[in-house]
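To keep things clear, I will list the structure first and then write my remarks on it.
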Amino acid sequence: MKAKKAKVLSSMVAALLVGSLAAGCTSNSSTGTDAPKASDQPKTEGKKEERSLRMMSAVIGGKTPEENVLFEKEIERVTGIKAKLEKPASDYNQKLMAAVSSGEKYDLLQVSKELMNTLTDQGILMPLTDQVKGSKTLQDPEVIPTAEWDQVKTKDGKIFGVFSKFQGGTMPIVRADWLKKLNLPEPKTFDDYYKVMKAFTEQDPDGNGKKDTYGLSTAGMYELQGFFSGAGLKQRYVEKDGKLDVPYSTDAAIPVYEWLNKLYKEGILDPNFATNDTGKMRNLFLADRVGMITYWDAWVGMLNNTRKIADANTAFEAKGLPGVAGADGKYMLRRGDPDVWVIPVNAQNPKTAFEFIEWWHSKEGIVLGSMGIKDTDYTENGGKYELTQAGKDHAMDHGVPFWYNKKFPNPFGLLPGVKEAQDLVIKNATLELTPPKWADAEKIINEYSFKAILGEMPAADAVKKMREQLKAAKLID
């Protein structure tokens, strides 16, 4: 699907560039220099820039069209900026590109890093390096940790997008209460994980007297990074000496596939793993059917909270694990691509757009992006916040479930287990490299990975076939 989207994006981007050039739009990126600081932005045709913004977002905003209108009014109430926020209900990337390629002008777009890279390559985005470096707010490590900027920098060190939220990562998630019940230590090695998962399968951890539990469930190959970490292998692509490769298709991956096949043959791995979606996997975990899954750090807290709501006295405890350490003793988890705010080169109010980006990382911006709209989603009295029923239903997520700014801690605290899981991500996770043709490569990787895990082919043969097909399709160098 992503490959098809990439082709659509490329054609639309080409149309946009032609239109932009015809209209006389220019970008500093064409000269290889950054745009001026927000405070030095030239005025359009000598007119003072309006304090208004036209924005488009996939996740930021109201939960319904009606609430989105209130979201716009809340932006104006708090900042004085008159905002028009468009939030398509589906097919966000296609609708965004269709609008932009037709010549429509936006001041701010909220996009994934992957889409930001595409737009950057086509010269559609305004470079923000100077503005970011000159921003007291964004340069404050208490607001955004300095090392995080490496996620959004281009190879030559330029910045075209600013984080819209904190994006977490994935890891193995274990039933810590089952570990305690069966007197098992937290696993660290492949052998440790095998023993723990075997015990979860055979020692009746749910106490119902039946052998109806599994050690591990996944949603296909989704987020097995924590186990491939033991072989020092990164998910998706890596680039070395200018060449692209897929570590899961190398001989180094064979022992990991063989280990997973062992789990499958012995009934430790959920037999439906290949056809599970993430919902089925989570439900097995919540229903005491499986002792370990592979998923996002944020879900550690949501899983714990779900069971706590159902039963205040539950012993249920989900906990994130770092996976298996490689030969160098290091763990290798997956970091999700960050969502970012970007400013198109044809933005009418770029100074106001950057002002909004800075504000988004303030206390007031975070409150709006998380809790939502005052007197609709929450009430506030003397610095004390209380969620309304609507706010509870919206789960403190209007596009920013987690944020960087340490100066404004979550007034309700984090859900149990989330902080520890996020710390594992920050310490051990890095971004994936996802070129436009990843979707084509993923089909081949999944096909032969499943054959290896299910025992339909020896792991060595499956890896060999996987690699041959990836090379034949020119998906690896």
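For reference, each letter of the sequence shown is one residue, going -23 to -1, 1 to 454 in mature numbering (1 follows the signal peptide of the UniProt record, and there is no 0).
We put the beta carbon where it would ideally sit given N, CA and C, even for glycine.
* **Bounding residues of the alpha helix (DSSP H) (the contiguous stretch that carries R259)** => Boundaries of the alpha helix (DSSP H) around R259: T255 to L263.
* For Y69, which residues from the same chain have a beta carbon less than 6 Å from its beta carbon, with the 5 sequence-adjacent residues on both sides left out? -> A35
* Asked: If you scan the region 285 to 344 from start to end, which runs of the alpha helix (DSSP H) of 4 or more residues do you find wholly inside it?
  -> 327 to 337
* To do: Look at L193 and L246 and say whether their C-beta atoms are less than 8 Å apart.
  => yes
* Proximal residues to M198 (C-beta, below 6 Å), its chain only, five neighbours per side dropped -> For M198, where only same-chain residues beyond five positions count, the Cβ hits under 6 Å are N423 and S426.
* Along the alpha helix (DSSP H) that carries S226, what are the first and last residues, could you check? => Where S226 is concerned, there is no enclosing alpha helix (DSSP H), given that its DSSP letter is neither H nor E.
* Residues in its own chain within less than 6 Å of A439 by CB, not counting five upstream and five downstream? -> Y425, K428 and A429
* To do: Note the first and the last residue of the continuous beta strand (DSSP E) segment covering M33.
  => Looking at the DSSP string, the run of the beta strand (DSSP E) that includes M33 is S29 to M33.
* I58, buried or exposed, once every other Cβ within 10 Å from all chains shown has been counted against 16 -> buried
* To do: Report all residues from its chain with a CB closer than 6 Å to the CB of N253; omit the five preceding and five following residues, and keep chain order.
  => A196
* **I121 to F137 span [Cα, whole Å]** => It is roughly 16 Å from the alpha-carbon of I121 to the alpha-carbon of F137.
* To do: Compute the beta-carbon to beta-carbon distance between P315 and Q128, rounded to the nearest angstrom, for a pair I have assumed lies under 8 Å.
  => Sure, about 6 Å apart at Cβ, within 8 Å.
* Taking the C-alpha atoms as reference points, what is the distance between E179 and K188? -> 7 Å
* Asked: Can we count D288 as close to the ligand ZN, meaning its CB is less than 7 Å from some heavy atom?
  -> Inclusion of the ligand ZN in the displayed structure is not the case, the ligand content being empty and no account of it being possible.
* Buried versus exposed, by CB contacts within 10 Å (16 or more), K296 -> buried
* Asked: Does the distance from the CB of N326 to the CB of E27 come in under 8 Å?
  -> yes
* Which residues bound the beta strand (DSSP E) around residue 468? -> Nothing can be reported for residue 468, as the shown portion of the chain is limited to -23 through 454.
* Inter-stretch contact at 8 Å, needing at least 3 Cβ pairs: the region 413 to 423 / the region 216 to 236 -> yes
* Identity of the residue in N358, R284 and S347 nearest A367 by Cα -> S347
* Give every residue of the same chain whose Cβ lies closer than 7 Å to the Cβ of S89, excluding the five residues on either side of it in the sequence, and list them in chain order. => D314 and D316
* Can you tell me whether DSSP reads R266 as helix, strand or coil? -> Here R266 sits in coil by DSSP.
* Report back the beta-carbon spacing between T407 and R312 to the nearest angstrom; my notes put them in contact at under 8 Å. => 5 Å
* To do: Please work out which residues of its chain come closer than 8 Å, Cβ to Cβ, to A229, disregarding the five sequence neighbours upstream and downstream, and give them in chain order.
  => Cβ neighbours of A229 beyond the five flanking positions: A208, G209 and L210.
* Asked: Since A418 sits in a beta bridge, which residues does DSSP pair it with?
  -> DSSP output for A418 lists no bridge partner at all.
* Asked: What is the rounded straight-line gap between the Cα of D370 and the Cα of P65?
  -> 21 Å
* Asked: What is the C-beta distance between L30 and T329, in whole angstroms, given that I count them as a contact (C-beta under 8 Å)?
  -> 6 Å
* State yes or no: is the C-beta of L345 within less than 8 Å of the C-beta of H375? => yes
* Asked: In whole angstroms, what is the alpha-carbon distance linking L364 and G390?
  -> 13 Å
* Asked: What is the DSSP secondary structure of G368, reduced to helix, strand or coil?
  -> Helix, per DSSP.
* Pairing CB atoms from the region 139 to 157 with CB atoms from the region 270 to 290, are three or more of them under 8 Å? -> yes
* **Proximal residues to E200 (C-beta, below 7 Å), its chain only, five neighbours per side dropped** => T147, T271, Y272 and R311
* Beta-carbon separation (whole angstroms), F333 vs L85, contact threshold 8 Å -> With a Cβ gap of about 7 Å, F333 and L85 count as contacting.
* With L62 as the anchor, note down where its beta strand (DSSP E) starts and where it stops. => Counting along the chain, the beta strand (DSSP E) containing L62 begins and ends at K59 to E63.
* Would you please verify whether the beta carbon of I453 is less than 8 Å from any beta carbon of chain B? => The structure shown contains no chain B; it is built from a single protein chain.
* C-alpha distance - V267 paired with K113, whole-angstrom precision -> 48 Å
* **Exposure of A304, with buried meaning 16 or more beta-carbon neighbours within 10 Å** => exposed
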